[in-house]
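Engineer: Have a look at the structure that comes next, please.
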Amino acid sequence: YSSSYVERWQIRRRKETHMASVFLIGLEQATAAQISRALSIERHRIEQKPQNIELPELMDVDIVFAGGQPSQYLSLLRRVREERPALPFVVVTCIPETTEWLDALEAGATDYCSSPFEARQIHWLMEAALPRRRNVAVA
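Taking my numbering, the leading residue of the sequence shown gets 6, the next gets one more, and so forth.
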């Protein structure tokens, strides 16, 4: 089988078993747990990953929620934008600083969420980001 056929089959199979593949990168344990609880209801596949994730690991993910130190998530965001420009990337932080928010958006973040947050905010972020990804991928 060709690699494109196998890739399409893997994506179709993934969508049959869960709604989206979500990576939580560099988030504090409590924040990651809160996001996981909010998304597990809808059968999303959620994985926690370290800040130093390798880009090939991001090839099979639908959306990233990243946090930690601004220098770390901005560095990851820039690398992701080079390899996967359409991948939704949401920055999650406990510090609602305007400069951090603007830096993240200027670096290419899909959105920015400050903790504490409610489950419905996470659901809204998912709904807002995922259709955007599909539209870019089709174009």
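Cβ coordinates follow ideal geometry from the N, Cα and C atoms, glycine included.
Predicted, not measured: the structure shown is a model, and the values here were computed from it.
1. Taking only the alpha-carbon atoms, compute the straight-line gap between V96 and G113 and give it to the nearest angstrom.
2. For I68 versus V27, is the C-beta distance shorter than 7 Å?
3. Measuring CB to CB, does T149 end up less than 7 Å from S76?
4. Relative to the alpha-carbon of T36, which residue among E47, R84, I100 and L81 has its alpha-carbon at the smallest distance?
5. Cα separation between G73 and Q56?
6. List the endpoints of the continuous beta strand (DSSP E) containing R86.
7. For A109, report the span of its alpha helix (DSSP H) as first-last.
8. Between the region 117–134 and the region 30–45, can you find at least three pairs of beta-carbon atoms closer than 8 Å?
9. Could you tell me whether the Cβ of I30 comes closer than 7 Å to any Cβ of chain C?
10. Do F70 and L135 count as a contact pair if the criterion is CB distance below 7 Å?
11. Write down the C-beta distance between F94 and L110 rounded to the nearest angstrom, noting that I regard them as a contact closer than 8 Å.
Structural biologist: Taking the coordinates as given:
1. One C-alpha to the other measures close to 10 Å.
2. yes
3. With the chain represented from 6 up to 144, any question about residue 149 goes unanswered, as that position is not in the structure.
4. I100
5. Take the alpha-carbon of G73 and the one of Q56: they are about 8 Å apart.
6. Here R86 belongs to no beta strand (DSSP E); instead the alpha helix (DSSP H) covers P75 to E88.
7. T103 to A112
8. yes
9. In the structure shown, chain C cannot be found, because there is only a single protein chain.
10. Not a contact, by the Cβ cut-off of 7 Å.
11. The Cβ separation is near 10 Å, so there is no contact.
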